[in-house]
Each structure stands twice: as C-alpha cells, then as structure tokens.
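The listed protein sequences derive, respectively, from chains A and B. Quick note: the first sequence, position 9, residue 9 per the numbering used here, numbers continuous. To convert a position in the second sequence, counted from 1, into the numbering used here, add 1000. Beta carbons are placed, not taken as given, at the ideal position from N, Cα and C, and that holds for glycine. Only a predicted model underlies this, so the values are computations on that prediction, with no experimental measurement involved.
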Amino acid sequence: MLCREGTRQLLALLDDVIEGRADENTLKLMQTLGHAVQVGSLCGLGKTAPNPVLSTMRYFREEYEDHVIRKVCKCGKCKSLLRPEINQEKCKGCGLCLKSCPTNAITGEKKQPHHINAELCIKCGACAKACNLSAVEGV
Amino acid sequence: MKTSLQPTLTIDGREIEIADERNLLELIRKADIDLPTFCYHSELSIYGACRLCLVDVEGRGIMAACSTPPEPGMKLRTVTDEIREIRKISVELLLANHDQSCPTCARSANCQLQTLARQLGIEQVRFKPVQQRKPIDTSSHSLVRDPNKCVLCGDCVRMCSEIQDIGAIDFAFRGHDVAVLPAMGKDLAEVACVNCGQCATVCPTGALTVKSEMELVWKAIADKSKTVVAQIAPAVRVGLGEAMGLKPGEIVTGQIVAAIRRLGFDQVYDTSFAADLTVTEEATEFLKRKANGKHLPQFTSCCPGWVKYAEQFFPEILPNLSTCKSPQQMFGSLLKEILPEQLGVKRGDVIVVSIMPCTAKKFEARREEFTKECVADVDFVLTTQELARMIQSSGIRFDKLQPESFDMPFGFYTGAGVIFGASGGVTEAVLRFAAEKVTGEKLKKVDFEAVRGESGLREANVKVGDAELRLAVVHGLRNARVVAEQVRSGKSQYDLIEVMACPGGCVGGAGQPVTTSREARAQRRQGLYKADRESPLHKSQENPYITETYARCLGEVGGEKAHHLLHTHYVNRRRMEESPLPILQSGDRRLNIGVCVGTNCYVKGSQQILQKLLQHVAEHSLSHLVDIRAMFCTENCEHGPTVLIGDERITKCTAEQAIAAVEEQLQPATAD
Chain A
1 MLCREGTRQL
11 LALLDDVIEG
21 RADENTLKLM
31 QTLGHAVQVG
41 SLCGLGKTAP
51 NPVLSTMRYF
61 REEYEDHVIR
71 KVCKCGKCKS
81 LLRPEINQEK
91 CKGCGLCLKS
101 CPTNAITGEK
111 KQPHHINAEL
121 CIKCGACAKA
131 CNLSAVEGV
Chain B
1001 MKTSLQPTLT
1011 IDGREIEIAD
1021 ERNLLELIRK
1031 ADIDLPTFCY
1041 HSELSIYGAC
1051 RLCLVDVEGR
1061 GIMAACSTPP
1071 EPGMKLRTVT
1081 DEIREIRKIS
1091 VELLLANHDQ
1101 SCPTCARSAN
1111 CQLQTLARQL
1121 GIEQVRFKPV
1131 QQRKPIDTSS
1141 HSLVRDPNKC
1151 VLCGDCVRMC
1161 SEIQDIGAID
1171 FAFRGHDVAV
1181 LPAMGKDLAE
1191 VACVNCGQCA
1201 TVCPTGALTV
1211 KSEMELVWKA
1221 IADKSKTVVA
1231 QIAPAVRVGL
1241 GEAMGLKPGE
1251 IVTGQIVAAI
1261 RRLGFDQVYD
1271 TSFAADLTVT
1281 EEATEFLKRK
1291 ANGKHLPQFT
1301 SCCPGWVKYA
1311 EQFFPEILPN
1321 LSTCKSPQQM
1331 FGSLLKEILP
1341 EQLGVKRGDV
1351 IVVSIMPCTA
1361 KKFEARREEF
1371 TKECVADVDF
1381 VLTTQELARM
1391 IQSSGIRFDK
1401 LQPESFDMPF
1411 GFYTGAGVIF
1421 GASGGVTEAV
1431 LRFAAEKVTG
1441 EKLKKVDFEA
1451 VRGESGLREA
1461 NVKVGDAELR
1471 LAVVHGLRNA
1481 RVVAEQVRSG
1491 KSQYDLIEVM
1501 ACPGGCVGGA
1511 GQPVTTSREA
1521 RAQRRQGLYK
1531 ADRESPLHKS
1541 QENPYITETY
1551 ARCLGEVGGE
1561 KAHHLLHTHY
1571 VNRRRMEESP
1581 LPILQSGDRR
1591 LNIGVCVGTN
1601 CYVKGSQQIL
1611 QKLLQHVAEH
1621 SLSHLVDIRA
1631 MFCTENCEHG
1641 PTVLIGDERI
1651 TKCTAEQAIA
1661 AVEEQLQPAT
1671 AD
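1. Just tell me which of Ile1396(B), Cys1302(B) and Thr1284(B) has its CA closest to the CA of Ala1562(B).
2. What are the boundary residues of the beta strand (DSSP E) that includes His1141(B)?
3. Hey, is the segment 1059 to 1079 of chain B in contact with the segment 1137 to 1144 of chain B, meaning 3+ C-beta pairs nearer than 8 Å?
4. For the alpha helix (DSSP H) containing Leu2(A), name the first residue and the last one.
5. Could you give the distance in angstroms between the alpha-carbon of Leu27(A) and the alpha-carbon of Gln1131(B)?
6. Can you name the residues of chain A whose CB is closer than 8 Å to the CB of Leu1094(B)?
7. How would you list, in chain order, the residues of chain A whose beta-carbon sits under 9 Å from the beta-carbon of Val1178(B)?
8. So, at 7 Å on beta carbons, what are the nonlocal neighbours of Leu1208(B) in its own chain, with the 5 sequence-adjacent residues on each side left out?
9. Can you find the residues in the same chain that come closer than 8 Å, C-beta to C-beta, to Tyr64(A), ignoring five residues on each side of it along the sequence?
10. Quick check: the segment 1409 to 1423 of chain B against the segment 1234 to 1242 of chain B, are there 3 or more CB pairs under 8 Å?
11. Shortest alpha-carbon distance to His35(A) belongs to which of Leu54(A), Val68(A) and Asn104(A)?
12. Quick check: what's the CA-CA separation for Ile1256(B) versus Leu1263(B)?
13. Can you name, in chain order, every residue of its own chain whose Cβ lies under 6 Å from the Cβ of Ile1260(B), other than the five neighbours on each side?
14. Report yes or no: is there a C-beta of chain B within less than 9 Å of the C-beta of Leu14(A)?
15. What residue from Ser1489(B), Arg1488(B) and Arg1452(B) has the CA that sits closest to His1475(B)'s CA?
16. Below 8 Å CB to CB, which residues in the same chain sit around Leu1591(B) once its five sequence neighbours on both sides are set aside?
17. Quick one: residues in its chain with C-beta nearer than 8 Å to the C-beta of Asp1187(B), no 5 flanking neighbours on either side, listed in chain order?
18. From Arg1174(B) to Arg4(A), what distance separates their C-alpha atoms?
19. How about Gln1493(B) and Arg1470(B): are their beta carbons less than 9 Å apart?
20. Are Cys1303(B) and Ala1360(B) closer than 9 Å when you measure CB to CB?
21. Residue ranges of each beta strand (DSSP E) run of no fewer than 3 residues wholly in the segment 1029 to 1077 of chain B, ordered along the chain?
22. Skipping 5 residues on each side, what residues in its chain have a beta carbon closer than 6 Å to that of Gly1245(B)?
23. By the criterion of Cβ-Cβ separation under 7 Å, what are the contact partners of Asn1097(B) in chain E?
24. Once DSSP output is grouped into helix, strand and coil, what is the label at Phe1380(B)?
25. Would you say Gly40(A) lies against chain B (beta-carbon separation less than 9 Å)?
26. Which one of Leu1622(B), Thr1654(B), Ser1606(B) and Glu1092(B) has the shortest CA to CA distance from Phe1632(B)?
27. Going along the chain, which residues of the segment 14 to 38 of chain A sit with their C-beta nearer than 9 Å to a C-beta in chain B?
28. For Glu1638(B), which of Ala1660(B), Val1603(B) and Leu1622(B) has the nearest alpha-carbon?
29. Is the CB of Arg61(A) under 9 Å away from at least one CB in chain B?
30. Return yes when the Cβ of Val1079(B) is within less than 9 Å of the Cβ of Leu1116(B), no when it is not.
31. Flag Leu1054(B) as yes if its beta-carbon sits less than 9 Å from any beta-carbon of chain A, otherwise no.
32. Less than 9 Å between CB atoms is the rule here; does Glu119(A) satisfy it with respect to chain B?
33. What did DSSP end up calling Ala1460(B) once you bin it into helix, strand or coil?
34. Would Ile1265(B) and Val1430(B) qualify as a contact pair, given that the criterion is a beta-carbon distance under 9 Å?
35. Classify Cys1374(B) as buried or exposed, calling it buried when 16 or more other Cβ atoms lie within 10 Å of its own Cβ.
36. For Val1483(B), report the span of its beta strand (DSSP E) as first-last.
If you want it as structure tokens, here you go:
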C-alpha cells in the first residue's frame, strides 16, 4: 500500500518541484513520505523505491532549494523555471533570433537590442542557438 | 501478568505471556491494545499489505505485527513518533485515492477508513487527489461494487476464495492500476458470485455494500392501493438491536414488530411460521427419501447462497437438494395465495416485504421460478441494516418502543422455526419433527445438542427410533464443497446435510449489522436458542396454525397443492448464461433444432451437420417449419457432436441421423 500510493505521490511532489509549484513544505513532505515508504513497505522493491529521491535530496540539497525557494533551474532542464532574456548590452540587433523564434515572441528594430515577450515564449531555446553573441541568457 | 514459566515478551513496557498466538498482532490485542488494521481478519490468511499494524521491535526495527510471529524476549513498542507518522501517511495516501463522498456513503459512520482518519487526528490530506473515476457496478440484485471507494486491502478477495471457495472477485492489473474485479472485468451479476455478501461484511469501506430496496418499500407503503405485509426472519430479532446500540444477541422481536407497524406496514408476520412449514415439508420429504433410499443424503435448500453454489459447481447433486422452497419463498407464495382472496384485492396489490439477515435473499426473490403471472411472490427484501436505517430515518425512538406481538395467524411460531437462523437449527428442527413422526411417541428432550456448535463442519449421529441418522451441519461454502464432493463421488455416508453459506448460519449473514467478530455471532446464536427456550412450543408439528393452514389451503403434507406452492426446482448453472444464436427462424416455430458449436463438437464436425441441415431445409422448403440455432456447450463433450431436435437429444450425431430425426419429427406436422 505504502509503495503503491507512496511512489505515485512522490512523483507528483517531484513534478511540483520541477514545475515551480513547490515550497519548503513540499521538501519536508517528500522527506517524510520517502522515509515512510522506505520503512513501511512490505517488500524490498518498495523499501528501495524512494532511494533516488532521498539520496538526491541529501547530496544535491542546494539544487532542490534552487528549484523550490529561488525558483531557478541552473542546468536549464526544468522548462517551467526558465526565464529567457536577451542581454541588452550584448545584443547587436542582428535579427537572427527573431527569425528563428517559432512563436514570434521576439521583437526589436534592426541594429537595436531585441526583447522576448514572456507570454508568447515557449522556452524552446531556438533563439539561444541562433545567437552568435551568446546574448540570450537564462535558457 | 506473569504467573508461570510461560515465555513472555514486552509490549510497551508491559510483560505479556505468549500462549498460542500466531502473530504479534494477536498478542497485542490480547494485551488490550487495539492496533488498527484493514487487511487482517483472524479467519482469513495473513496478507500484510495495509501496513497499519506496524510496531517497533527493539534491535529489528519497524515491522508489521500481523506477519511477525512472537518470540520470547522481544521488546516492542506499538506507538512511537515514527510509527504514528507512517500510519498517518498511510491513511492520507488512501484518502488521496478515495472517493470522499462520506455523508452519502452507505457505510458512513461505520467505515474503518473514516474512523481511523478521526482517531489518528488527520485534519488535512497533504497529498493530491489522484483518483480517476471508475464506473459503479450495480448489476447484482444483492450487492453494489463501487471501485472508487476500494482501498485494495483484499479482504473481500480472501473471504470469497478462502471461506466461500468461489473466487468471484480477485486482483487485476499491477502497480497503480491494481483493482479488485470480477473475472474478465465482467459485472458481478455475470460471474459466479452467489450473493452471500460476506465480501461486504469484511469490506472496511463502502466499496462493497448491500443493494438497498428501501426507496421501493417506502413507495409501496405510501401507495394506498397496496396492502404491505412484512415477514421477519428469525436472525433479524437478534441482530437489529446492535444497529440500535444494544448488545449483540439481544432479542428485540416485540420492538421490531412495533417499529414496523409504525413505519406503516399493514400486517407483520414471522418468517419462523414459514420455517415451521418448511420443517413439516422438508422432514416429510426426508423421511420419504429415507424410506425408499433415493437421493440421499438430502441437502437442505433454505440458503439461497448455497443453492446457487450447488447449481453452479455441483449440478450433479441437484437431485439431492430438498425441493422445498426456502421459508422466505414459502411464505411469499402462501401469502400471495391466501391474502388476495381474503382481503378481496388483486394479487399484485398485496406487497410482501421480507426482512432478512441475508443479501442472497434479494437474488432469490427475483428468481424466475418465484414469479407467477408477472407478480413476484416476495416483492422486496430488506436486510436488517436497511430496516434499521428505515427506523432511524423515520425518527422512531427504538429504545422507547413498547413490544407488540405479530399478526395472527402467520405470526405464530414455535421454537423450531426460530432456531433456523443459527447453523444447525434446520437440522435440529427437522429432527424434532422426524423423531416424533418415526417413533410415534412424544419427544422427551427437544434439544439436540449434538448438532449445535461453532465448527464449520460438524457431524452427529442421532438415534431416531430404531434407525441411526447420520447428520452433517456445514457453514461456509468451502466446507460445503467438502461434503458435496463426497456426495458427487458416491462416498458420502450422511443422511441429511445442512448447508448455510455464511459463517455461523443466518446470524452471520451479510445483511446483519456489520461485524466479523466471532463473539458477536455467538451471542446472536445464543439469543436464538434463548428465544427457542422462551417459546411455549418447540416443535413445528405443534404449531396449531400450521395444521390449520394445511386444512384450509394446502391439503395434505407433501401433497399436490403443497407441492405446487411450497416446492421448487433447480437449474444447472455450470455455464454462464449464453443465449444460443438464431440461424434460421420460422414464424411458426414448429420444431426447435439446436446444434452445439462448442469447441469440442465443432472439432468433431458439428459445423458440417449444421450446413447439411440448412441445405436439407432449403432443398425441401422446410424453412417455415423449423427454428435452427447454434448452441454452446451442453456439457456432453465426450459424446459430441450433440444435436437437439425438438425434445430429442442426439449424441455422436451424424448429418444423416440429424436429417432423419428432423424428418421424423416433422412428419405429423407436414401431414396436417
């Protein structure tokens, strides 16, 4: 019972973390739930199921806190936490990013620094790839 | 607590002696600590999956008490902070995957999940609701299966297979998808379920509940054109009190009668009267069989769960079943025969409501055999639980009711009729009748202690006159299988076998207030024997109204009219119902032809027979005279192919034989 329902909830809590819905209580709950599944499960499979979550929480605590408290994903893997921006100083207004954007989220005059409209942006990273000056940051 | 050199262990600092307890849980409960569980029942095997009975064993860590045998010197703690947190998490996880419609749930206030959540002080569920709604199965006449409320403890599964030996439901799928389902995901009404409802008595939540007919009964009571008659089964009088906060086994017959009258029923009768009638018919039938040595041993037929079980799994021994209807159905057909004339109303305007400790009775009342001219003999069946709820919902203060007596004449009963509700009671009642009938002398002692008791399979030899009767009393269908196997293989040495599907007989029926405690069942049983002792008469043959009913309406005991009204027949249900496929249907429906196309017969060439028959019919323009159907297995595989032509059954049939038989049977038809 604990492993059947527990692992499913552990996954849901992990989803909260990577999608930026989590807070500090989420981390505490994950720890308690993980421990309960570890100790309370019937078989070895259930007892070890929460190990990946618990050991990453132990050794990569900072990364969890980044996601939960500061709401950033330093590896750029959690899309919900990405906020791509164009560095206004680096951008020379060449227009490559504007052409590459699939949702037309980038605007700007030629030879002037461009901007990303956060509402339209789907965080695909195409602009960052297109830019020769590494002016797109936060992806 | 230490008194001898008995080995001990320590529970929460107290030293407890180890006797013959099988596991720590039994020991902890012996020490008066009520450790919560979902999946543990002393009568079922240990499953160990609910993870609520966790205890901390010093030096070993946290383990489930139900699946750990006690060892001397163990030191365990039943509540620690860690254990409390794990228990809370377990219940929260279950609640996150539970249809929390508690106020409208049939098990509200009687639900273990609800109770546990309250006891553990759960104020909010910290997890997300993950439930996906699944359809509710209302196909059965007796039970409702709501998978949205299932906590997958498996109690029902183990009850069905271990105690009842049926296995109508089991676990399907894996991981998060696990569900308790009838075979192949079919509806409960389509599988081998015998409607005993024992699954519902062990279900900790509202996932398996008794199907309610309360609304229909309220409607019938409100309808001025209907005369609503109640019959109350023996076991109800020792069960209803529990739902009203009284002790198990307390006899509340008079209050029940008073309450039912207040609810608006026109007449209140006692099923024990019909039980007296059953004794008379069944004992007479038994003595007849005993005299001519045919169809022995005789099985009792009062229990509809057992009857369906026999029809499904032991069709070969159906002739051994007593042909007597159950008391409920005897009463139904008798009342529907007598009352309309007496009251000058139509048969359909007399509504018979029976109040039963049983869920299978709901199914029984809807069997085809018990419906005459589109009017059922018993219209509605309420369980003890439903009656309790009707009384509560009408605001009647049960504890303030003054006892009232049944309406006459069908409210008059003897002690023999009352003990029907306990396992062994039918046998004892039959013995009280048969002994006097055989010897012609008055019985000195009416109590046959030998057939009473708790064990699931009891044997007794009782001397009646010169003969010694060999009796078996069985409850729980797994035990019934043992004796039925013996009968099927011709090795049975009994004369009379009483079978009740539910543990303890009707007192342990699924319609009673929910309990799985042996003590409660024993107290109810004792209540019935007490009612027998307090009754002025103890033998069915002494019931003056039975004699009068025979004189007035039924004629001779075991006679033609009695047979017509009080006896029934059984059907082979080994195959689930599969309607034959019509291939050629004529308007006149002159001759029914059926060709078995089951695998075995098909391999032996039944398809060719079918084709040749169709060809023959076409060539000779007989299509307006015959109905041709493809049938499924006729249980005769070794002699296949099987062809049915009219009433004639041809085994090892060839196309020529079939055509010849058709021609022969059609001869008189074509002649005119």
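Quick answer:
1. Thr1284(B)
2. Looking at the DSSP string, His1141(B) is not in any beta strand (DSSP E), and its letter there is neither H nor E.
3. no
4. Leu2 to Ile18
5. 23 Å
6. Met1 and Glu5
7. Arg4
8. Leu1143, Arg1145, Cys1156, Cys1199 and Ala1200
9. Val17, Leu27, Thr56 and Met57
10. yes
11. Leu54(A)
12. 10 Å
13. Ala1230 and Val1268
14. no
15. Arg1452(B)
16. Leu1625, Val1626, Asp1627, Ile1645, Gly1646, Val1662, Gln1665, Leu1666 and Ala1669
17. Asp1137, Ser1139 and Ser1140
18. 9 Å
19. yes
20. yes
21. 1054 to 1057, 1061 to 1064 and 1075 to 1077
22. none
23. In the structure shown, chain E does not exist; the protein chains are A and B.
24. strand
25. yes
26. Ser1606(B)
27. Asp16, Asn25, Leu29, Thr32, Leu33, His35, Ala36 and Val37
28. Val1603(B)
29. no
30. no
31. yes
32. no
33. strand
34. Inspection of the sequence shows that residue 1265(B) is occupied by Phe rather than by Ile. Result no, Cβ atoms of Phe1265(B) and Val1430(B) do not sit closer than 9 Å.
35. exposed
36. Looking at the DSSP string, Val1483(B) is not in any beta strand (DSSP E); the run it does join, the alpha helix (DSSP H), is Leu1477 to Arg1488.
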